[in-house]
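Protein chains: 2
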Amino acid sequence: MSTDARYELFYWPGLQGRGEFVRLAFEDAGVAYVDVARLPEAQGGGAGAVVRLLRDESLATPALAPPVLRVGSVVVAQTANILQFVAPALGLVPDDAASRAWAHQLQLTVADVVSEVHDTHHPISTGRYYEEQKAEAKLRARDFLAMRLPKFLGYFERALARNGGTYFVGGAASYVDLSVFQIMVGLAYAFPRAMAAAEAQHPLLVALRDRVAARPNIAAYLASPRRLAFNENGIFRRYPELDLAE
Amino acid sequence: MSTDARYELFYWPGLQGRGEFVRLAFEDAGVAYVDVARLPEAQGGGAGAVVRLLRDESLATPALAPPVLRVGSVVVAQTANILQFVAPALGLVPDDAASRAWAHQLQLTVADVVSEVHDTHHPISTGRYYEEQKAEAKLRARDFLAMRLPKFLGYFERALARNGGTYFVGGAASYVDLSVFQIMVGLAYAFPRAMAAAEAQHPLLVALRDRVAARPNIAAYLASPRRLAFNENGIFRRYPELDLAE
Chain H
2 MSTDARYELF YWPGLQGRGE FVRLAFEDAG VAYVDVARLP EAQGGGAGAV
52 VRLLRDESLA TPALAPPVLR VGSVVVAQTA NILQFVAPAL GLVPDDAASR
102 AWAHQLQLTV ADVVSEVHDT HHPISTGRYY EEQKAEAKLR ARDFLAMRLP
152 KFLGYFERAL ARNGGTYFVG GAASYVDLSV FQIMVGLAYA FPRAMAAAEA
202 QHPLLVALRD RVAARPNIAA YLASPRRLAF NENGIFRRYP ELDLAE
Chain R
2 MSTDARYELF YWPGLQGRGE FVRLAFEDAG VAYVDVARLP EAQGGGAGAV
52 VRLLRDESLA TPALAPPVLR VGSVVVAQTA NILQFVAPAL GLVPDDAASR
102 AWAHQLQLTV ADVVSEVHDT HHPISTGRYY EEQKAEAKLR ARDFLAMRLP
152 KFLGYFERAL ARNGGTYFVG GAASYVDLSV FQIMVGLAYA FPRAMAAAEA
202 QHPLLVALRD RVAARPNIAA YLASPRRLAF NENGIFRRYP ELDLAE
């Protein structure tokens with residue numbers, strides 16, 4: 002796979018969601034990609050593009066859910082798996098197997114955070130509205146903020162410190178740094194009160210977040226219309242009743 | 002990494018849990034591994050061995066949770082990541098990047114199943130007893146059996162069919178086949194009534210389960226004391242009130 006490959010990302014339009022972790026990697030690398038579902042429907046875009054891919058019976062490697070990346074004849078799904086697959090060509094992971102396993106270990110922990118954040122607003126059923134499971138969501142969110150968030154952030158802070166404090170993997174930015182940036186800003190969107198307190202205790206993660214935001218390609222991306230705003234259709238949702246009490 | 006490496010698996014003793022996916026790979030390959038926490042405490046075993054590893058401040062690549070695999074100086078965590086890391090040496094994945102991405106995509110979907118099954122008995126808090134969240138567990142389990150289980154099994158059945166019906170990846174057994182065997186038997190333990198109905202609709206998965214169980218090294222393992230029984234400390238727990246009503 003070379004960077005000449007045409008990369009097509011399939012993800013629901015209108016939200017950052019899990020697709021955002023993939024977008025950040027392409028944006029940081031300055032490598033062109035097509036965000037297929039954000040094209041006009043007349044050009045094959047819209048949510049229908051995602052649905053058609055998921056239902057395509059000719060695919061040897063079907064996907065259960067987006068994001069899905071198509072690179073020529075290869076179709077890859079599962080966010081962390083997509084990142085791992087494209088990172089070498091994007092220059093976003095070191096070459097050796099041990100470093101790649103370490104990067105992926107951290108990325109799967111990012112995936113765990115994403116999954117648990119999703120469950121703060123959907124603890125009972127992915128298929129039902131938040132309003133139908135609000136009471137349980139309050140319980141789950143309380144537990145997440147009290148028990149899980151400190152555990153995850155403490156782990157990432159420690160992992161970053163172990164590697165010198167600047168990068169998670171090796172001596173340069175990897176897809177992991179970009180993804181941890183995304184969970185830091187996502188968590189701050191969803192739980193501003195809880196994160197204000199947590200950030201004070203995780204200075205390395207806060208500095209990493211700010212360094213990633215200042216990377217030229219990321220800064221340009223964040224200022225562009227390609228970066229969607231956080232909203233209540235994504236993973237990170239601002240439901241004030243789920244945040245710490247004032 | 003060669004098969005001469007000494008493999009040390011760190012996982013809680015007394016339950017199959019996520020460690021079982023790793024055990025099955027070593028057992029099927031017939032490659033020796035040390036299940037460290039199942040050694041006597043006098044030999045460095047017991048749950049303390051896991052705790053010591055998690056707290057080891059000298060590790061460059063700390064783990065948040067078990068299973069953790071140590072191979073010489075390399076320490077790798079996250080179940081799917083461990084499998085991906087060792088599978089080439091164990092002969093449990095094809096050589097090409099596209100096949101490996103496909104295998105890992107499926108394995109991460111296995112991980113999603115495991116996580117959602119865990120949440121059927123712990124929908125509110127991992128840190129609290131099942132009995133403290135039983136009402137919510139009933140709601141979550143009902144949704145899982147009605148909406149998620151058919152989705153996951155339907156996906157795996159389809160994926161297997163797309164590859165010819167016998168193996169998930171390429172033309173030989175991979176770590177994915179072993180892991181899907183494990184979720185099939187685990188689900189049947191946890192939800193015998195729901196799975197009796199589901200199995201009738203997923204003949205390829207049932208046949209795969211039976212073929213894996215009959216593989217000589219797996220059959221020997223399942224008959225050995227190394228294979229722990231399912232129990233209510235693991236991922237797959239038999240709480241009849243969470244299964245389909247009779």
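Respectively, the protein sequence lines represent chains H and R.
Sequential numbering of the first sequence, starting at 2, is according to the numbering used here.
Sequential numbering of the second sequence, starting at 2, is according to the numbering used here.
Even glycine gets a Cβ: it sits at the ideal position worked out from N, Cα and C.
Keep in mind that this is a model prediction, so the values were computed, not measured.
Sub-8 angstroms separation of residue i and residue j beta-carbons
| i | j | result |
| --- | --- | --- |
| residue 157 of chain H | residue 181 of chain H | yes |
| residue 16 of chain H | residue 234 of chain H | yes |
| residue 219 of chain R | residue 57 of chain R | no |
| residue 34 of chain H | residue 8 of chain H | yes |
| residue 83 of chain H | residue 77 of chain H | yes |
| residue 67 of chain H | residue 20 of chain H | yes |
| residue 40 of chain R | residue 46 of chain R | yes |
| residue 242 of chain R | residue 125 of chain H | no |
| residue 95 of chain R | residue 171 of chain R | yes |
| residue 86 of chain R | residue 102 of chain H | yes |
| residue 177 of chain H | residue 64 of chain H | no |
| residue 143 of chain R | residue 191 of chain R | no |
| residue 213 of chain H | residue 188 of chain H | no |
| residue 119 of chain R | residue 131 of chain R | no |
| residue 91 of chain R | residue 169 of chain R | no |
Contact set between residue i and chain H, taken where Cβ atoms lie within less than 7 angstroms
| i | result |
| --- | --- |
| residue 183 of chain R | Residues of chain H passing the Cβ test: none, with the nearest at roughly 18 angstroms. |
| residue 82 of chain R | 102, 105, 106, 109 |
| residue 116 of chain R | 116 |
Per-residue burial, residue i [other beta carbons within 10 Å of its own, 16 or more giving buried]
| i | result |
| --- | --- |
| residue 175 of chain H | buried |
| residue 244 of chain R | buried |
| residue 199 of chain R | buried |
| residue 74 of chain R | exposed |
| residue 237 of chain R | buried |
| residue 59 of chain R | exposed |
| residue 202 of chain H | exposed |
| residue 133 of chain R | exposed |
| residue 193 of chain R | exposed |
| residue 117 of chain H | buried |
| residue 129 of chain R | exposed |
| residue 149 of chain R | buried |
| residue 4 of chain H | For residue 4 of chain H, the pLDDT reaches just 45, beneath the cut-off of 50, and the residue's location in the model is therefore unreliable, leaving the point undetermined. |
| residue 18 of chain H | buried |
| residue 227 of chain H | exposed |
| residue 210 of chain H | buried |
| residue 183 of chain H | buried |
| residue 141 of chain R | buried |
Neighbour list for residue i in chain H, Cβ cutoff strictly below 8 angstroms
| i | result |
| --- | --- |
| residue 110 of chain R | 65, 79 |
| residue 75 of chain R | 99, 102 |
| residue 137 of chain R | 124, 125, 137, 140 |
| residue 148 of chain R | 126, 127, 128 |
| residue 86 of chain R | 98, 102 |
Contact belief for residue i with residue j at Cβ below 8 angstroms, rounded distance in angstroms
| i | j | result |
| --- | --- | --- |
| residue 161 of chain R | residue 206 of chain R | 7 angstroms |
| residue 37 of chain R | residue 10 of chain R | 6 angstroms |
| residue 112 of chain H | residue 80 of chain H | 6 angstroms |
| residue 114 of chain R | residue 70 of chain R | The Cβ separation is near 21 angstroms, so there is no contact. |
| residue 195 of chain H | residue 229 of chain H | Not confirmed; about 23 angstroms, so no contact. |
For residue i, the first and last residue of its enclosing alpha helix (DSSP H)
| i | result |
| --- | --- |
| residue 144 of chain H | 135–144 |
Neighbour list for residue i in chain R, Cβ cutoff strictly below 8 angstroms
| i | result |
| --- | --- |
| residue 156 of chain H | 63, 65 |
| residue 159 of chain H | 63 |
Within chain R, the residues that residue i reaches when beta carbons sit closer than 9 angstroms
| i | result |
| --- | --- |
| residue 144 of chain H | 125, 126, 127, 128, 129 |
| residue 36 of chain H | Correct list: empty, because the minimum Cβ distance to chain R is about 20 angstroms. |
| residue 120 of chain H | 120, 124 |
Per-residue contacts from residue i into chain H (C-beta, under 9 angstroms)
| i | result |
| --- | --- |
| residue 225 of chain R | None at all; the shortest Cβ gap to chain H is about 29 angstroms. |
| residue 248 of chain R | It is not possible to answer for residue 248 of chain R, since the shown part of chain R is limited to 2 through 247. |
Start and end residues, beta strand (DSSP E) containing residue i
| i | result |
| --- | --- |
| residue 9 of chain R | 8–11 |
| residue 210 of chain R | Element bounds for residue 210 of chain R: not the beta strand (DSSP E) but the alpha helix (DSSP H), 204–215. |
| residue 70 of chain H | 69–72 |
| residue 97 of chain R | Element bounds for residue 97 of chain R: n/a, residue is neither H nor E. |
Cβ-heavy atom distance, residue i to the ligand COA, below 7 angstroms
| i | result |
| --- | --- |
| residue 43 of chain H | The ligand COA is not part of this structure, which contains no ligands at all. |
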